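Student: Dropping a structure here in structure tokens format, bear with me for questions.
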Amino acid sequence: MTLESHTLHDTLGAQIDGLDLGQPIDSALFDEILTQFRRHALLVFPGQDLTDEQQIAFSERFGPLEITKTGSDGAGTRQVRLTNIGP
């Protein structure tokens, strides 16, 4: 599969279309994603409906995830929960 992408700005970002990040991604396809990431520094994957586990699995392909810091919601896990709604 060849990635469908277009540049968002001359200096930063590309949008990747037609890719479901919730499905398995083989090494060749991930290499294409990584090439685009290195070229554009920011990738947008519109229309994704990922579970937390799928988001973590995709993110881990780029390298180990940091464990959240003590005192934040989700402390000690690989997930950060951000909200603007009170406790």
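Letter by letter, the sequence shown follows residues 66 to 152 in the numbering used here. Beta carbons are placed, not taken as given, at the ideal position from N, Cα and C, and that holds for glycine. Quick caveat, the model's predicted, so the values are computed rather than measured.
(1) May I ask you to report which of helix, strand or coil DSSP gives T72?
(2) Which partner residues of Q80 appear in the DSSP bridge assignment?
(3) Measuring CA to CA, which of D117, P111 and H105 is closest to A79?
(4) Closest to E69 by C-alpha separation, out of D117, G83, I90 and L77, would be which residue?
(5) With DSSP collapsed to three states, give me the class of F127.
Tutor: Based on what the coordinates show:
(1) DSSP places T72 in strand when its eight states are reduced to three.
(2) H71 and V109
(3) Checking every option, the nearest Cα to that of A79 belongs to H105.
(4) G83
(5) coil
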